[in-house]
Amino acid sequence: MSRMRLGMSTRSARSEEGSEIFLEGSADGELSRLQRQRKVMELERRAYSKEVHQRIRKQCCHLRTTCSSRMDSEEIRQLEMLRAKLQMQINIAQSQVKRLGDKKHLAEMDRLLKCRAQVQVEIEALQEQNRALDKQALKLQLRQ
455 MSRMRLGMST RSARSEEGSE IFLEGSADGE LSRLQRQRKV MELERRAYSK
505 EVHQRIRKQC CHLRTTCSSR MDSEEIRQLE MLRAKLQMQI NIAQSQVKRL
555 GDKKHLAEMD RLLKCRAQVQ VEIEALQEQN RALDKQALKL QLRQ
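In this note's numbering, the protein residues as written are 455 to 598.
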């Protein structure tokens, strides 16, 4: 019977009782070699990663300085004009929103004023009815 370890087979021998004894000397050596190789590869990967990050950082810094130095006064003036135009459009849009809100508020106030006027008319009518009923009650009391 054979046993597999890390893709390598080990040799076995039968003892007098019939149990297997695995000869793992070559497997242990292979395991040690692979572990050393893994450590070396990990160190190389870290070094490469560090180098790549440094390169990227340098390129970003270079791009920032290149971009900022390439902007001449004409480009800056054009960008400022564009910013001013966009700010004016934002202000106009905000004004339109405010006017729309004002129109809604005015319409609601108009509706409420009409309701108030109608309620006032109803109150006056009820007060008049109340006065008439008071007069009738007074007349009835006087008759008794």
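C-beta atoms are modelled at their ideal positions from N, C-alpha and C, and glycine is treated no differently. Bear in mind the structure is a predicted one, so any value in this text is a computation, not a measurement.
In the structure shown, what three-state DSSP assignment does residue i receive?
| i | result |
| --- | --- |
| D526 | coil |
| Q598 | coil |
Please confirm whether any heavy atom of the ligand GDP lies closer than 6 Å to the CB of residue i.
| i | result |
| --- | --- |
| L580 | In the structure shown, the ligand GDP is absent, as is every other ligand, since no ligand is present at all. |
Look at the alpha carbon of residue i and the alpha carbon of residue j, and state the distance between them as a whole number of angstroms.
| i | j | result |
| --- | --- | --- |
| R499 | N545 | 54 Å |
| H559 | E576 | 26 Å |
| E578 | Q590 | 18 Å |
| Q583 | V551 | 48 Å |
| E505 | E529 | 36 Å |
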